[in-house]
Amino acid sequence: MGSTRREFLNQCLKGVSASALLEGRKGFAVWQLAGQPPEWYRSPAVRRFIDPLPIPKKMQPHSIRENMVHYRVRMMEFRKSLHSELPPAMLWGYEGQYPGPVFEAMRGKPVQVEWQNDLPLRHLFTVDPHLHGCAPPVPAVRTVPHLHGSRTDSMSDGLPENWFTPGHAAVYRYPNDQVAATLWYHDHAIGITRLNVYAGLSGFYLLRDSREPAMGLPSGDYELPMVLQDRSVDEHGQLVYRPTFDDGSQAHAGLWGPQFFGDLPIINGAIYPYLEVEPRQYRLRMLNASNSRFFNLYFNLASTPTDIPRLVKFHQIGSDGGLLPSPALLEHLLLAPAERADLVVDFSGLEGKIVTLSNNAPAPFPGWDVLNSLHAPLLELMQFRVTRPLALTGTFSLPPSIAFPTPDPGQSVRTRDFLLSDQMDSKGRSQKMLINGKGYDAPTTEFPRLGTQETWRFINTTDDAHPIHLHLVQFRVLERQGYDGPTLTLRGEVRLLGKPRPPAAIETGWKDTAVVMPGEVLSLLVRFEGFTGKYVYHCHVAEHEDNDMMRPFEVVSANQEHSPQAGKRLPL
Ligand code: C2O
Ligand code: CU
Ligand code: CU
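One rule links them: number in my numbering = place in the sequence shown (from 1) + 1163.
Set out below in structure tokens:
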């Protein structure tokens, strides 16, 4: 039983780590051979900063029964213009809104949601029947909502295969039994998550607690949920989903490609919006809900993206799973797909000025300079115009420091290693992404025990950064470190290299998504708490997750024995 070294070597040789060493950078060689780099898709030109930033509505409860708030949320197809110069786009949204309405939940007060699929029978985009779980007769239109970051029973978690079709519904219960945090909900149907989320199925779920009001944070009109995404549209204003390979070439129509980069920024469902603000502090709850795009955000006073930037510093006060141990003063913020950042930005003293929310992250991330021109950069996202008079006096405050125990790897009962690989064809184009050589359908190999802590190490042998997400838990980032490639390739062992890097200040709180860079090992300390049962972990680049960088895990009760992943050799 188990895998041989030869199988392991085969896996590695198919992956990019080995092939990149042998052939040089993938993609680069390809377009050198082909002559011209391909052009990225261009949406029709639209004027920037002419539409106000939409503020998502609050989700309205349907009823209160036995002391529990019940919601009924319909997924619907509807039309809405994404920019005032464009005709309305056909979209999918929760309650017919894009992004979906914002849930306001209170710690300790569970809620129940009846999620109802009222979508038509025809998908907005072409489903690739080759991906797992997508082959006919499986219907094209399937949905299953997941509350990302929540500690939820497996039955209510929204597992990828628990999808339901138009005319059907699922009733999920969310305990809200965790630290107040910026959670979000989105579709998770197997093999089509990228299409369903791209169509518009995502929204915020703000979990609050009774301590927060006393902190004096910006609230009410001064607290803004912001969903950052990229989209492409055609001349009729309709969404265009055209995935690409790293060399910029497009996947064949309707077929999977390893990443999608839209050439337009869209915030809360509006392309290049602006917001008029008062010269005071605002709390911006940001979510990167893009399929593949990373944002490296900064607030810029310079009038064009090519001027020397004049930065407005800001505080990050919270991450995925709640407030940070203490606020961090930042100039730039890297936000990978699915990550959230709770920010306080101070516009006081900037009366009459325009602050542009800007981005300089390459696509793909971290990319290589030589290929950067192959995908649309999004240098500007939206404008904050400091044009409103102060409507109330007094100032807000930053949250106090919170006692956070230093994560102690000594508490970990075992270490599990996960090797991320990219399966390439002969042209160096990705065919699928795997974890330990396995896709989602391979039998479960990870059975952590309820109430224990484990170290999960993600070893990235690919050229892309991957935002790794685990369901059920909020974890701590332990460190990042390099590894020795040949030892991994030849002996299937992880030999760490160089100095371990402790997490940056903004990663010292609770996280449910963390980035592993190429050539790195990311170590997480994870406590499996709350529920036994089946969950998933995956890369949150939606294209990677759909094919096939996602695996199940099952939390078992303390006295159950399951440990297929024994020994040090990587199970490939
Ligand atoms: Cu954002 Cu598996 O989820
Ligand atoms: Cu999740
Ligand atoms: Cu990935």
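The beta carbon of each residue, even a glycine, is placed where N, CA and C say it ideally should be. Here the structure is a predicted model, which means the values were calculated and not measured.
Name the residue from N1710, A1705, P1715, Q1723 whose alpha carbon lies nearest to the alpha carbon of A1452.
Looking at the Cα atoms, A1705 is the closest of the given residues.
Give me the DSSP bridge partner(s) of Q1275.
In DSSP, Q1275 forms a bridge with H1233, R1336.
Are the beta-carbon atoms belonging to V1507 and F1528 less than 8 Å from one another?
No, these two residues do not count as a Cβ contact at 8 Å.
Can you tell me whether DSSP reads A1377 as helix, strand or coil?
helix
Tell me the DSSP secondary structure of F1716 in three-state form.
strand
Does the beta carbon of H1225 fall short of 7 Å from some heavy atom of ligand 2?
no
Quick one: Cα of N1463 to Cα of L1427, how far?
19 Å
Is the beta carbon of Y1337 less than 8 Å from the beta carbon of S1319?
yes
Quick one: give me the first and last residue of the alpha helix (DSSP H) that P1649 is part of.
1648 to 1654
For E1439, three-class secondary structure by DSSP
strand
Could you tell me if I1355 is buried or exposed, where buried requires 16 or more neighbouring beta carbons within 10 angstroms of its beta carbon?
buried
As a quick exercise: from P1552, K1272, P1251, F1510, pick the residue whose alpha carbon is nearest that of N1230.
Selected option, being the one with the closest Cα: K1272.
Among the candidates W1203, V1390, V1274, P1442, whose CA atom is the shortest distance from the CA of R1228?
V1274
Spatially closest choice to P1699 from P1264, S1482, G1602, I1218, by CA coordinates
Note on residue identity: the sequence assigns Val, not Pro, to residue 1699. Ranking P1264, S1482, G1602, I1218 by Cα distance to V1699 puts G1602 first.
For I1598, which three-state DSSP category applies?
strand
Proximal residues to Q1728 (C-beta, below 7 Å), its chain only, five neighbours per side dropped:
Because the pLDDT of Q1728 is 49, which lies under 50, any placement of that residue in the model is unreliable, and the question is left without a value.
beta-carbon H1634 near ligand 2 non-hydrogen atom, thresh 7 Å
yes
For ligand 1, is there a heavy atom less than 7 Å away from the beta-carbon of V1678?
Checking the Cβ of V1678 against ligand 1 gives no.
Where does D1709 fall in DSSP's three states?
Helix, per DSSP.
Just the C-alpha distance for A1343 and T1650, rounded to the nearest angstrom, thanks.
43 Å
If you measure from the CB of V1699, is any heavy atom of ligand 5 nearer than 7 Å?
Inclusion of ligand 5 in the displayed structure is not the case, the ligand content consisting of ligand 1, ligand 2 and ligand 3 alone.
Looking at H1707 and ligand 2, is the gap between the Cβ and the nearest heavy atom below 7 Å?
Remark: the shortest separation between the CB of H1707 and any heavy atom of ligand 2 does not fall under 7 Å.
I1430 burial status per 10 Å Cβ neighbour count (16 or more: buried):
buried
Report all residues from its chain with a CB closer than 7 Å to the CB of E1502; omit the five preceding and five following residues, and keep chain order.
N1451, D1483, P1630, T1676
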